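A.B. asks: Numbering (this note's numbering), first residue to last: 318 to 495.
From the three backbone atoms N, C-alpha and C, an ideal C-beta is built for every residue, glycine too.
It should be emphasised that the depicted structure is a prediction, and the values quoted were computed from it without experimental measurement.
Okay, handing you the structure first.
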C-alpha cells in the first residue's frame, strides 16, 4: 500500500470520528436541556468522557494526515486546504474556550446537586444560551470543510460555503430556543 491511500484513510477516519464526537455533543446538550432529574443529567454527562477522547484524537488524525497529503500531493495555495486547516484550528480553539467552561459548569453543578429534581443552579448552567447557540455550529463548519475538500472549491466558492454553514448554524441555534 502506498502512502496516499493509507494517509487518506487516516484522514477519513479522523473526519468520521470528528462527526461522531460533534454529534454526541449535540445529543448531550439537547438531552440535558430536557432532563428532569439529576440522575438523567449524570447519565448524559457520561458521554462527555467519550467526546473528550474521540474529539482530540480525531483532530490529530485529521491534522497529521491532512498535512501529509498537503505536502506530498496537493501543496499549499488551494483555498479548500487552507480554509479547512484554518477551520480545524479555529474549532480546536473555540471548543475549549466557548464550550469547555460551560460544560465544566454543568459538571460542577451536577456534582453539587442533590439527587432528585434538577436544582436551579444546575438548570441555569444547562440553559446557558451561549452553549445552545454554539453547539450546532462546529458540526456545520466541519460539514462545510468536507464540502470544500470534496468539491475542491476556489476562494470564492469556499467563502460562500463557510458563510452558508455559519448562517444555517445560527438559524438552527435560534430556532431551537425552547
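#1: What residue from 370, 436, 450 and 463 has the CA that sits closest to residue 358's CA?
#2: Please classify residue 391: is it buried, with 16 or more other beta-carbons within 10 angstroms of its beta-carbon, or exposed?
#3: With DSSP run on the structure shown, which of helix, strand or coil describes residue 324?
#4: So, is residue 378 buried or exposed, given that buried needs 16 or more other C-beta atoms within 10 angstroms?
#5: For residue 481, which residues in the same chain have their Cβ closer than 8 Å to its Cβ, ignoring the five residues on either side in sequence?
#6: Give the straight-line distance between the Cα atoms of residue 484 and residue 490, rounded to the nearest whole angstrom.
#7: Considering only residues of the same chain and omitting the five flanking positions on each side of residue 331, which have a CB-CB separation below 6 Å?
#8: Look at the alpha carbon of residue 329 and the alpha carbon of residue 446, and state the distance between them as a whole number of angstroms.
#9: Contact defined as beta carbons within less than 8 Å: I believe residue 372 pairs with residue 423. What is the distance between those atoms, to the nearest angstrom?
#10: Can you tell me the Cα-Cα spacing of residue 406 and residue 333, whole angstroms?
#11: Terminal residues of the continuous alpha helix (DSSP H) containing residue 395?
#12: Going straight from the alpha carbon of residue 448 to that of residue 343, what length do you get?
C.D. replies: So, to answer that:
#1: 436
#2: exposed
#3: helix
#4: buried
#5: 461
#6: 10 Å
#7: 375, 378 and 379
#8: 33 Å
#9: With 8 Å as the limit, residue 372 and residue 423 do not qualify as a contact, their Cβ atoms being about 17 Å apart.
#10: 17 Å
#11: Element bounds for residue 395: n/a, residue is neither H nor E.
#12: 10 Å
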